[in-house]
Amino acid sequence: MRGFLTGVGNLPIHETLAYYQWIVTLELLEIGIPWNTIQEMTENQIHIALGVIAAKKQREQEAQAKSQASQMRM
């Protein structure tokens, strides 16, 4: 995703906002939220969903790091 965003800072603000909106929409679709539901979500609901997604990813990364650290000690 980072490669996709390379150069976005050089775009006009309306195009940058459109890219952001699509990135958020794609991330919500990726976790299984239906298109119609996404279209009906409020900004606050989207922020909460993104927060939950980020927390889950962080928890998974921490668990993976802990598992790798314990395997290295063996």
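Counting in the working numbering, the sequence shown tops out at residue 1330, every number present. Backbone N, C-alpha and C fix where the C-beta goes; we use that ideal spot for every residue, glycine too.
What does the alpha-carbon distance come out to for the pair Ile1279 and Ala1325? 33 Å
Need the endpoints of the alpha helix (DSSP H) that Ile1279 sits in, please. 1269-1286
Please tell me whether Ile1294 and Leu1284 are closer than 7 Å, where the distance is taken between their beta carbons. yes
Starting from the Cα of Ile1289, find the closest Cα among Ile1309, Glu1316, His1270 and give me that residue. Ile1309
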